[in-house]
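Accompanying notes for the structure given below.
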Amino acid sequence: MTRATTSSTWALWKRSRHSRRSRSSTTPAATGRSARERVPAAHLVVYSDYLCPWCYNAAVRLKRIHEEFAPSVRLEWRSFLLRPRPAPGRDLERFRSYTESWLRPAAEPDAGTFQVWQGDAEPPTHSVPPHLVAKAAALLGEESFERIHEALLRAYFAESRDITDEATLRALWEEAGLAPGEFARTQDPEVLRRVLGQHDEAIELGVTGVPTVVLEGTGALILGAQPLDVYRRWIRRVTEA
Numbered sequence: 007m008t009r010a011t012t013s014s015t016w017a018l019w020k021r022s023r024h025s026r027r028s029r030s031s032t033t034p035a036a037t038g039r040s041a042r043e044r045v046p047a048a049h050l051v052v053y054s055d056y057l058c059p060w061c062y063n064a065a066v067r068l069k070r071i072h073e074e075f076a077p078s079v080r081l082e083w084r085s086f087l088l089r090p091r092p093a094p095g096r097d098l099e100r101f102r103s104y105t106e107s108w109l110r111p112a113a114e115p116d117a118g119t120f121q122v123w124q125g126d127a128e129p130p131t132h133s134v135p136p137h138l139v140a141k142a143a144a145l146l147g148e149e150s151f152e153r154i155h156e157a158l159l160r161a162y163f164a165e166s167r168d169i170t171d172e173a174t175l176r177a178l179w180e181e182a183g184l185a186p187g188e189f190a191r192t193q194d195p196e197v198l199r200r201v202l203g204q205h206d207e208a209i210e211l212g213v214t215g216v217p218t219v220v221l222e223g224t225g226a227l228i229l230g231a232q233p234l235d236v237y238r239r240w241i242r243r244v245t246e247a
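Just so we're aligned: 27 in the numbering used here is position 21 of the sequence shown, and the numbers increase by one with no gaps anywhere.
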């Protein structure tokens with residue numbers, strides 16, 4: 007399989023550690039708002055990783071929360087890297103056995119779609135490549151981000167696709183209806199700096215596991231993929247205050 011994404015990303019990763027220019031975590035979708043646009047009562051920052059099965063469940067539930075409470079709730083997804091460095095050559099059968107553990111989050115209510123790893127696609131090498139793709143899509147707008155965000159999770163957990171393989175990521179990009187020529191944004195050093203900066207920010211905040219949902223401006227947080235009613239109660243306390 008092609009590993010161009012892994013090698014080029016690793017080179018950028020090393021350079022960016024010596025030339026980090028900004029730790030800004032404001033997403034492109036949050037910029038350029040009209041002064042007349044309603045400001046959400048609750049801004050939820052979600053630290054998440056595309057290789058985390060519980061993050062898939064959180065994504066499904068938080069999407070529903072956003073639909074129920076919009077426009078009072080804003081969701082912002084930030085990067086947390088469970089596997090920050092490339093580790094190619096992982097044993098496929100050992101990885102396949104690991105994916106049997108995905109049946110636990112699959113059995114929960116309001117869960118994502120999971121299956122034990124099928125076929126001969128290799129295990130993912132590290133967390134960075136799918137985050138680069140998601141951040142690049144965000145530069146094209148909120149809808150583009152949402153499409154690729156869902157596509158990445160579904161591809162990995164439900165379709166047994168290696169979301170660190172460049173050919174797979176390109177295919178997902180196009181399947182999501184994004185312009186093929188815009189895929190080059192994934193190699194922009196600034197996109198990598200954003201991913202690494204958000205991960206560092208999470209560590210500085212004391213985030214030790216994902217998903218972690220932070221209520222921006224309050225310091226309040228919820229760790230883990232919580233049931234829908236837990237998220238609902240949390241949001242109501244804020245929006246009805």
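For each residue, glycine too, the CB sits at the ideal point set by N, CA and C.
Per-residue burial, residue i [other beta carbons within 10 Å of its own, 16 or more giving buried]
i: residue 248; result: The requested residue 248 does not occur in the structure, where the chain is confined to residues 7 to 247.
i: residue 136; result: buried
i: residue 222; result: exposed
i: residue 241; result: buried
i: residue 204; result: buried
i: residue 149; result: exposed
i: residue 71; result: buried
i: residue 27; result: Any reading at residue 27 must be qualified, since the residue scores a pLDDT of 39, below 50, and its modelled position is unreliable; no value is offered.
i: residue 125; result: exposed
i: residue 79; result: buried
i: residue 118; result: buried
i: residue 247; result: exposed
i: residue 121; result: exposed
i: residue 84; result: buried
i: residue 191; result: buried
i: residue 170; result: buried
i: residue 224; result: exposed
Reduced DSSP secondary structure (H/G/I, E/B, other) of residue i
i: residue 82; result: strand
i: residue 57; result: coil
i: residue 132; result: coil
i: residue 122; result: coil
i: residue 201; result: helix
i: residue 6; result: In this structure the chain extends from 7 to 247, so residue 6 is not present and cannot be described.
i: residue 211; result: helix
i: residue 145; result: coil
i: residue 138; result: helix
i: residue 48; result: strand
i: residue 194; result: coil
i: residue 241; result: helix
i: residue 206; result: helix
i: residue 188; result: helix
Range covered by the alpha helix (DSSP H) that runs through residue i
i: residue 174; result: 172 to 181
i: residue 220; result: Counting along the chain, residue 220 falls outside any alpha helix (DSSP H), though it belongs to the beta strand (DSSP E) covering 218 to 221.
i: residue 151; result: 148 to 165
C-beta atoms of residue i and residue j nearer than 8 Å
i: residue 187; j: residue 60; result: no
i: residue 201; j: residue 138; result: yes
i: residue 52; j: residue 73; result: no
i: residue 141; j: residue 197; result: yes
i: residue 55; j: residue 216; result: yes
i: residue 101; j: residue 129; result: yes
i: residue 167; j: residue 127; result: yes
i: residue 57; j: residue 98; result: no
i: residue 146; j: residue 161; result: no
i: residue 226; j: residue 86; result: no
i: residue 144; j: residue 184; result: no
i: residue 77; j: residue 46; result: yes
i: residue 110; j: residue 234; result: no
i: residue 173; j: residue 153; result: no
i: residue 244; j: residue 64; result: no
i: residue 2; j: residue 62; result: No statement about residue 2 is possible, as the shown extent of the chain runs from 7 to 247 and does not include it.
i: residue 90; j: residue 134; result: yes
First and last residue of the uninterrupted beta strand (DSSP E) at residue i
i: residue 227; result: 227 to 229
Note to self: Please give the ranges of any alpha helix (DSSP H) in the region 63 to 118, keeping only runs that are unbroken, at least 4 residues long and fully inside the region.
What the structure shows: With a minimum length of 4 residues, the continuous alpha helix (DSSP H) runs that stay inside the region 63 to 118 are 98 to 105, 109 to 112.
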